[in-house]
Amino acid sequence: MAKKERGGTFFVVPAYNEGQVIAETVRPLVAAGYSVVVVDDGSSDDTATKLADAGVHYVRHPQNLGQGAALQTGARYALGEGAAYVVHFDADGQHSLESMEGLLDMLMGGDVDVALGSRFLRREDRAAVPRARRLLLKGAVIVNGLLTGLWLSDAHNGARAMTRWAAEQIELKENGFAHATEILQQIHAKGLRYVEGPTRIHYTEYSTFKGQKATGAINILIDLILRRLLK
Amino acid sequence: MTPIQLLLLLIVAVIVLLYFRRLRTRLFDRLFFLMIGASAGVLVAKPEWATAIANALGVDRGADLVNYLGLLGLGFLWLVLYTRQREIDDRLTDLARKMALLEAKKPKK
Numbered sequence: 001m002a003k004k005e006r007g008g009t010f011f012v013v014p015a016y017n018e019g020q021v022i023a024e025t026v027r028p029l030v031a032a033g034y035s036v037v038v039v040d041d042g043s044s045d046d047t048a049t050k051l052a053d054a055g056v057h058y059v060r061h062p063q064n065l066g067q068g069a070a071l072q073t074g075a076r077y078a079l080g081e082g083a084a085y086v087v088h089f090d091a092d093g094q095h096s097l098e099s100m101e102g103l104l105d106m107l108m109g110g111d112v113d114v115a116l117g118s119r120f121l122r123r124e125d126r127a128a129v130p131r132a133r134r135l136l137l138k139g140a141v142i143v144n145g146l147l148t149g150l151w152l153s154d155a156h157n158g159a160r161a162m163t164r165w166a167a168e169q170i171e172l173k174e175n176g177f178a179h180a181t182e183i184l185q186q187i188h189a190k191g192l193r194y195v196e197g198p199t200r201i202h203y204t205e206y207s208t209f210k211g212q213k214a215t216g217a218i219n220i221l222i223d224l225i226l227r228r229l230l231k
Numbered sequence: 232m233t234p235i236q237l238l239l240l241l242i243v244a245v246i247v248l249l250y251f252r253r254l255r256t257r258l259f260d261r262l263f264f265l266m267i268g269a270s271a272g273v274l275v276a277k278p279e280w281a282t283a284i285a286n287a288l289g290v291d292r293g294a295d296l297v298n299y300l301g302l303l304g305l306g307f308l309w310l311v312l313y314t315r316q317r318e319i320d321d322r323l324t325d326l327a328r329k330m331a332l333l334e335a336k337k338p339k340k
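Following this line, the structure appears as structure tokens:
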């Protein structure tokens with residue numbers, strides 16, 4: 001994509017108390033000419049001040065609602081600003097711009113509505129995943145497959161790119177982390193065309209600390225099942 | 232009438248009254264609750280009826296039947312409250328999202 005066309009691609013970055021890293025995370029995106037919308041999910045730290053001159057769109061939830069809610073708010077905002085593409089990008093710096101551009105390229109042909117990042121398509125990406133996490137992820141892949149009918153190689157890595165049309169179709173109701181499975185459910189239910197593309201996740205000490213714990217997975221599963229039963 | 236019967240009847244009456252004061256809407260809920268309250272009152276006044284019904288259903292003691300139904304009722308109550316809670320969460324999210332979008336800041340040029 002030529003640099004001048006990049007403004008129509010919106011990176012949605014949900015941030016909850018990420019003041020320590022947020023400016024660093026968005027800098028390369030803004031520098032490359034992409035539009036960035038940071039959804040501050042009711043942070044109590046200095047996330048807002050760190051972004052004052054970062055060149056990003058800033059949307060703030062009046063209180064903490066969860067990552068799923070933040071992504072939905074960000075997508076809504078981006079669509080309102082006329083976004084042609086919407087990208088989900090983690091605030092903790094674990095995703096690389098390069099990977100996301102790879103996913104965006106997959107959308108350009110017009111045969112695909114959603115491109116989902118996967119750590120398990122290339123040997124080197126896979127090797128970068130800590131072993132304990134690999135096991136957990138494989139479990140999550142099976143749960144996702146059973147719950148959504150979408151059998152992927154990876155689960156819940158947060159790297160996604162979608163066309164405007166797909167972003168309009170997807171409406172996240174799961175405010176918490178269960179949104180990652182909910183997205184797959186909606187892709188399946190609405191018949192969106194999807195593809196997996198390789199992503200490298202950078203496991204820094206910071207992102208590992210801030211990231212999801214294994215115990216969180218059980219809570220997510222319970223959320224999903226209850227939601228499914230009680231809809 | 233034994234003291235425990237009086238006590239239980241009093242509690243049933245208070246719960247029904249409180250419920251009606253708090254939830255003025257939802258006719259079905261109110262009728263349902265009225266029915267529950269009425270059966271509770273009847274069973275307190277005529278405990279032997281509970282045993283008769285229990286026996287007809289293949290349960291030995293009336294108290295056991297009341298216990299089973301009470302547990303089911305509790306489960307039902309949990310379900311209703313959970314669903315309402317989700318509805319309230321959804322509304323809160325909508326509201327917060329609208330506020331957030333209204334106050335969105337564009338990048339400084």
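Residue numbers (the working numbering), protein chains in the order written: chain B, 1 to 231; chain R, 232 to 340.
For each residue, glycine too, the CB sits at the ideal point set by N, CA and C.
DSSP beta-bridge partners of residue i
{"i": "Val37/B", "result": "Val12/B and His57/B"}
{"i": "Ala23/B", "result": "According to DSSP, Ala23/B bridges with nothing at all."}
{"i": "Gly87/B", "result": "Position check: residue 87/B holds Val in this sequence, whereas Gly was assumed. In the DSSP output, where bridge partners are listed per residue, Val87/B has Phe11/B and Ala161/B."}
{"i": "Lys336/R", "result": "Tyr58/B"}
Rounded straight-line distance, which links the Cα of residue j to that of residue i
{"i": "Leu150/B", "j": "Pro338/R", "result": "37 Å"}
{"i": "Asp260/R", "j": "Gly306/R", "result": "16 Å"}
{"i": "Asn157/B", "j": "Ala178/B", "result": "12 Å"}
{"i": "Val242/B", "j": "Tyr203/B", "result": "Residue 242/B cannot be examined here, being either before or after the span of chain B that is shown, 1 to 231."}
{"i": "Leu352/R", "j": "Trp165/B", "result": "As shown, chain R starts at 232 and ends at 340. That puts residue 352/R outside it, with no answer to give."}
{"i": "Tyr194/B", "j": "Leu116/B", "result": "7 Å"}
{"i": "Ser43/B", "j": "Leu300/R", "result": "46 Å"}
{"i": "Leu312/R", "j": "Arg200/B", "result": "43 Å"}
{"i": "Glu124/B", "j": "Arg317/R", "result": "42 Å"}
{"i": "Ala281/R", "j": "Asp291/R", "result": "10 Å"}
{"i": "Arg133/B", "j": "Ser153/B", "result": "14 Å"}
{"i": "Leu192/B", "j": "Met108/B", "result": "15 Å"}
{"i": "Asp105/B", "j": "Leu302/R", "result": "57 Å"}
{"i": "Val275/R", "j": "Ile319/R", "result": "37 Å"}
{"i": "Ala335/R", "j": "Glu168/B", "result": "20 Å"}
{"i": "Asn238/R", "j": "Leu147/B", "result": "This sequence places Leu at residue 238/R; Asn is not what is there. So the alpha carbons of these two residues sit roughly 50 Å apart."}
{"i": "Ser96/B", "j": "Arg315/R", "result": "41 Å"}
{"i": "Gly33/B", "j": "Ala155/B", "result": "29 Å"}
{"i": "Phe10/B", "j": "Arg27/B", "result": "14 Å"}
{"i": "Gln290/B", "j": "Met100/B", "result": "The requested residue 290/B does not occur in the structure, where chain B is confined to residues 1 to 231."}
{"i": "Asn346/R", "j": "Val297/R", "result": "Residue 346/R cannot be examined here, being either before or after the span of chain R that is shown, 232 to 340."}
{"i": "Asp111/B", "j": "Leu333/R", "result": "35 Å"}
Buried versus exposed call for residue i [16 or more other C-beta atoms within 10 Å across all chains shown]
{"i": "Ile187/B", "result": "buried"}
{"i": "Ile22/B", "result": "buried"}
{"i": "Ala269/R", "result": "exposed"}
{"i": "Glu174/B", "result": "buried"}
{"i": "Leu71/B", "result": "buried"}
{"i": "Met162/B", "result": "buried"}
{"i": "Asp113/B", "result": "buried"}
{"i": "Pro14/B", "result": "buried"}
{"i": "Val245/R", "result": "exposed"}
{"i": "Lys242/B", "result": "Nothing in the structure corresponds to residue 242/B, since chain B is present only between 1 and 231."}
{"i": "Arg236/B", "result": "The shown model of chain B, from 1 to 231, leaves out residue 236/B, and the question about it has no answer."}
{"i": "Phe89/B", "result": "buried"}
{"i": "Asp41/B", "result": "buried"}
{"i": "Gln63/B", "result": "exposed"}
{"i": "Val273/R", "result": "exposed"}
{"i": "Thr73/B", "result": "buried"}
Extent of the continuous alpha helix (DSSP H) run through residue i
{"i": "Ser118/B", "result": "Element bounds for Ser118/B: not the alpha helix (DSSP H) but the beta strand (DSSP E), Val114 to Ser118."}
{"i": "Val311/R", "result": "Gly293 to Leu333"}
{"i": "Gly129/B", "result": "With the sequence shown as reference, residue 129/B is identified as Val, and Gly is not the correct amino acid for it. That residue, Val129/B, is in no alpha helix (DSSP H); it is neither H nor E in DSSP."}
{"i": "His188/B", "result": "His179 to Ala189"}
{"i": "Pro278/R", "result": "Pro278 to Leu288"}
{"i": "Gly74/B", "result": "Gln67 to Gly80"}
{"i": "Thr49/B", "result": "Thr47 to Lys50"}
Residue span of the beta strand (DSSP E) that contains residue i, given as start and end
{"i": "Gly161/B", "result": "Looking at the sequence shown, residue 161/B is not Gly but Ala. It spans Arg160 to Thr163 - the beta strand (DSSP E) in which Ala161/B sits, taken as one unbroken run."}
{"i": "Glu171/B", "result": "Taken as a continuous stretch (DSSP letters only), Glu171/B belongs to no beta strand (DSSP E), as it is neither H nor E."}
{"i": "Gly102/B", "result": "No beta strand (DSSP E) contains Gly102/B, which is instead part of the alpha helix (DSSP H) from Leu97 to Met108."}
{"i": "Gly197/B", "result": "Tyr194 to Pro198"}
Distance cut-off 6 Å: residue i Cβ against heavy atoms of the ligand FMN
{"i": "Leu65/B", "result": "Looking at this structure, you won't find the ligand FMN or any other ligand, since it has none at all."}
Members of the segment 85-103 of chain B that neighbour chain R once the beta carbon cut-off is set at 7 Å: none
Near-chain R residues of the segment 62-80 of chain B (beta-carbon distance less than 8 Å), N- to C-terminal order: Pro62, Gln63, Leu65, Ala69, Gln72, Thr73, Arg76, Tyr77 and Gly80
Chain B contacts made by the segment 315-326 of chain R, where a contact means CB separation under 9 Å: Arg317, Asp320, Asp321, Leu323, Thr324 and Leu326
Residues from the segment 133-156 of chain B in contact with chain R, defined by Cβ distance under 9 Å: none
Interface residues of the segment 157-180 of chain B facing chain R [CB-CB below 9 Å]: So the list reads Lys173 and Asn175, given in the order they occur along the chain.
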